[in-house]
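Sequence order for the protein chains is A and B. According to the numbering used here, the residues represented by the first sequence are 1 to 308, in order. According to the numbering used here, the residues represented by the second sequence are 1001 to 1241, in order. What follows is a single structure, written as structure tokens, with notes after it.
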Amino acid sequence: MAPPARFQEIIDSESKIEPSDWMPEGYRKTLIRQIAQHAHSEVIGMQPEGNWITRAPSLHRKAILMAKVQDEAGHGLYLYSAAETLGVKRNDLQELLHQGKHKYSSIFNYPTLSWADMGTIGWLVDGAAITNQVMLTRCSYGPYSRAMVRICKEESFHQRQGYELLIRLCQGSEEQKAMAQDAIDRWWWPSLMMFGPNDSDSPHTEQSMAWKIKRVTNDDLRQQFVDMTVPQADYLGLRIPDPDLKWNEERGHYDFGPIDWEEFWRVVRGSGPMNRDRVEHKKRAWDEGTWVREAASAHAAKQQRRAA
Amino acid sequence: MIASGPQGMAAKALSPEIAELVSYGDDNLVLAQRLGEWISNAPELEIDIALGNIALDHLGVARALYTYAGEVEGEGRTEDDFAMRRTEREFRNVLLVEQPNGDFAHTIVRQFFFDVYSQILWSGLADGDDNTGAGIAGRAVKEAAYHFEFSSSWLIRLGDGTEESHRRAQAAVDALWRFTAEIASDEWLARVSSVFETAGLAIPDDPYQRVGGRDGYHTEHLGFLLAEMQWMDRAYPGLEW
């Protein structure tokens, strides 16, 4: 069978494409872009939460938060490895991030301004990420779908921890409740934007669906997320900052108000509150570490010469 | 030449047994706090993960020791009472662990000095008569062995690697040597010297030492570390998080 026909047969039969299989150049490029963006998001996502590690209000919370940020670094590693199966190098992908040529999830371009943000990120941001990633466990590319299975398990744990943190705040003092409400007010809309543009404005969706990289459209995922999250907000006693939000009996879903796509595109294009800080932080850490990486290579080379 | 402080007033006198648990708890908490500052700042993702794991281990040891100290004391003090509600003068950690991260070489040298100390300390306590204490020590000694593996191998890489890394590693040793009297013993010196030999690093020819951590007479860095760590508990007293 000719390779393109074989590729199509694997896709049609719901089997997985593996690194050694023939694949169309567009399929490879789409996956590299998407997996790299996902890996960058995990790594950049360490910053907003890392921002609170030294200030966590109790040792228990400090331990949870540290472990969570470590998990994110680990996810970054698996994902870069998944991308490397497609013939690219981790350092080259990072370099594209540093040069601003690669994107990461725009949600991380917002600042974390209170302790309640740690709970809200777990609940809303990880919740939105899981909605998207559960779909990706069924992605046609084997290494990516397998990485997602493991990542989803850890993300579900993070989401529960985030929600539990908010329960504690919402059962606490007036100050704690106000802190939680302020956090949801700031994070709600950016969380909905995490699913990307409306289907009608999403240039990659159709091809990605045909290749079974993507299995559900942006708007359907967003609706799933809203339907799942509204009752959770009710339980917490938090108000979702959307006057148009209401249950639609006929559709069997929540209706919600229009998303500010101007803000979405402004942040995607680099003018969100924290875009510059995030990339500068990442580059600074990388540049300051150059001498360390050089030392490790030089030592390894000397060891090899000594052994020879 | 040993610089220590005048004996000021201790805020709360602790029995020697509790003071010992708390002071080791303080060592581990303060070091965990410092290592936590590295997260998202390390030279490679793998190093970021390793430093975070080491921080988590130290934090775990600190929590176990504080909890146990509170039980022995019997006045209902929790881990957070020890961590969040004591002042600079009440912390008993050795001065080494409160020193700022500096560059990666400073962090590695600080970690290496402390790991050698921890291995000796915990292996001595792991066989003690006190079951809970021995349990904590038994776990800590295994973790310390893994930390030592990380810090000594990096010290060797830095000492042996490039001219720059060698210069930075020696500079870190020279800067931190004055905080080693509080943790040094003959065995400590022997283990440190052996790794230094492989790494091509020299023990500084400088007799000056600064001590006082165990008496709550700290360097000026600790106050800032505590201010950051304790601010939420102090800003919102009595709340549950």
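Here a beta-carbon is modelled for each residue, glycine too, at the ideal position from N, C-alpha and C. Since the model is a prediction, treat every value here as computed from it, not as a measurement.
Residue i to residue j, Cα distance in whole Å?
| i | j | result |
| --- | --- | --- |
| MET228 of chain A | ARG33 of chain A | 29 angstroms |
| LYS283 of chain A | VAL1097 of chain B | 28 angstroms |
| ILE1202 of chain B | ARG1178 of chain B | Here residue 1202 of chain B turns out to be Ala, not Ile, going by the sequence shown. Their Cα atoms are separated by approximately 14 angstroms. |
| ASP244 of chain A | GLN223 of chain A | 14 angstroms |
| ILE1120 of chain B | THR1132 of chain B | 19 angstroms |
| GLY1128 of chain B | ALA1134 of chain B | 6 angstroms |
| GLY1213 of chain B | ILE1002 of chain B | 13 angstroms |
| MET194 of chain A | ASP220 of chain A | 13 angstroms |
| ALA128 of chain A | GLY1124 of chain B | 50 angstroms |
| GLU1088 of chain B | ALA63 of chain A | 22 angstroms |
| TRP291 of chain A | LYS89 of chain A | 20 angstroms |
| THR137 of chain A | MET46 of chain A | 23 angstroms |
| ARG1077 of chain B | LYS246 of chain A | 48 angstroms |
| LEU310 of chain A | GLN176 of chain A | The shown model of chain A, from 1 to 308, leaves out residue 310 of chain A, and the question about it has no answer. |
| GLU154 of chain A | GLN133 of chain A | 11 angstroms |
| GLN99 of chain A | ILE44 of chain A | 14 angstroms |
| ILE151 of chain A | HIS75 of chain A | 6 angstroms |
| MET135 of chain A | VAL216 of chain A | 7 angstroms |
| ASN109 of chain A | ILE240 of chain A | 21 angstroms |
| GLY1008 of chain B | GLY50 of chain A | The pLDDT assigned to GLY1008 of chain B is 49, lower than 50, so where the model puts this residue is not dependable, and the model offers no usable value. |
| GLY252 of chain A | PRO231 of chain A | 14 angstroms |
| GLN207 of chain A | ARG306 of chain A | 53 angstroms |
Tell me where the alpha helix (DSSP H) around residue i begins and ends.
| i | result |
| --- | --- |
| TYR80 of chain A | 59-84 |
| HIS1106 of chain B | 1104-1125 |
| MET228 of chain A | 218-236 |
| TYR104 of chain A | It is not in any alpha helix (DSSP H) - TYR104 of chain A carries neither H nor E in the DSSP assignment. |
| THR1078 of chain B | From DSSP, THR1078 of chain B is part of no alpha helix (DSSP H); its letter is neither H nor E. |
| SER1194 of chain B | 1186-1199 |
| GLN171 of chain A | Element bounds for GLN171 of chain A: n/a, residue is neither H nor E. |
| ARG239 of chain A | Segment: none, ARG239 of chain A is in no alpha helix (DSSP H) and carries neither H nor E. |
Which residue comes first and which comes last in the beta strand (DSSP E) that contains residue i?
| i | result |
| --- | --- |
| TYR1236 of chain B | No beta strand (DSSP E) holds TYR1236 of chain B; DSSP gives it neither H nor E. |
| ASP255 of chain A | 253-255 |
| LYS246 of chain A | 246-248 |
Does chain A have any CB closer than 8 angstroms to the CB of residue i?
| i | result |
| --- | --- |
| SER1023 of chain B | no |
| GLY1008 of chain B | In this predicted model, GLY1008 of chain B has a pLDDT of only 49, less than 50, meaning its place in the structure is not dependable; the value taken from the coordinates is given anyway. Chain A contact via Cβ: absent. |
| ARG1086 of chain B | no |
| ASP1174 of chain B | no |
| PRO1207 of chain B | no |
| TRP1241 of chain B | yes |
| LEU1226 of chain B | no |
| GLU1037 of chain B | yes |
| ASN1028 of chain B | no |
Pick helix, strand or coil for residue i, following the three-state DSSP scheme.
| i | result |
| --- | --- |
| ASN1053 of chain B | helix |
| ALA128 of chain A | helix |
| ILE32 of chain A | helix |
| GLN1209 of chain B | strand |
| TYR110 of chain A | coil |
| TYR1066 of chain B | helix |
| ILE184 of chain A | helix |
| TYR163 of chain A | helix |
| ILE10 of chain A | helix |
| ILE1002 of chain B | strand |
| TYR144 of chain A | helix |
| ILE213 of chain A | coil |
| ILE1018 of chain B | helix |
| ILE17 of chain A | strand |
| GLY1008 of chain B | Unreliable placement is indicated for GLY1008 of chain B, whose pLDDT of 49 sits below 50; the coordinate value is still reported in the next sentence. If DSSP states are grouped into helix, strand and coil, GLY1008 of chain B belongs with coil. |
| TRP123 of chain A | helix |
| ASP1160 of chain B | helix |
| GLN207 of chain A | helix |
| PHE1150 of chain B | helix |
| TRP52 of chain A | coil |
| VAL1094 of chain B | coil |
Can residue i be considered in contact with the ligand PLP, in the sense that its beta carbon sits closer than 7 angstroms to one or more heavy atoms?
| i | result |
| --- | --- |
| SER208 of chain A | The ligand content of the structure shown is nil, which means the ligand PLP is not present either. |
Quick check: is the beta carbon of residue i nearer than 8 angstroms to any beta carbon in chain B?
| i | result |
| --- | --- |
| VAL43 of chain A | yes |
| MET274 of chain A | no |
| LYS283 of chain A | no |
| GLU206 of chain A | no |
| PRO143 of chain A | no |
| field | Inter-stretch contact at 8 angstroms, needing at least 3 Cβ pairs: the segment 1102-1118 of chain B / the segment 1149-1164 of chain B | value | By the Cβ test, the segment 1102-1118 of chain B is in contact with the segment 1149-1164 of chain B, since at least three Cβ pairs between them sit closer than 8 angstroms.
| Given 8 angstroms as the limit, is there contact between the segment 1011-1031 of chain B and the segment 1059-1069 of chain B, that is, 3 or more CB pairs closer than that? | Short answer: they touch.
| Below 8 angstroms, can you find three or more Cβ-Cβ pairs linking the segment 179-192 of chain A to the segment 101-120 of chain A? | yes
| field | Sufficient close CB pairs (3 or more, under 8 angstroms) joining the segment 22-41 of chain A to the segment 87-104 of chain A | value | yes
| query | Are three or more beta carbon pairs between the segment 118-135 of chain A and the segment 166-181 of chain A nearer than 8 angstroms? | reply | Taking a cut-off of 8 angstroms for Cβ pairs, the segment 118-135 of chain A and the segment 166-181 of chain A touch, as three or more such pairs fall below it.
| message | Assess contact between the segment 1043-1059 of chain B and the segment 56-70 of chain A, defined as three or more Cβ pairs (one per stretch) separated by less than 8 angstroms. Is contact present? | response | yes
| field | Stretch-stretch touch, CB-based, cutoff 8 angstroms, three pairs: the segment 9-21 of chain A with the segment 54-62 of chain A | value | no
| Three or more C-beta pairs closer than 8 angstroms, one from the segment 1218-1232 of chain B and one from the segment 1185-1201 of chain B: is that the case here? | No contact exists between the segment 1218-1232 of chain B and the segment 1185-1201 of chain B.
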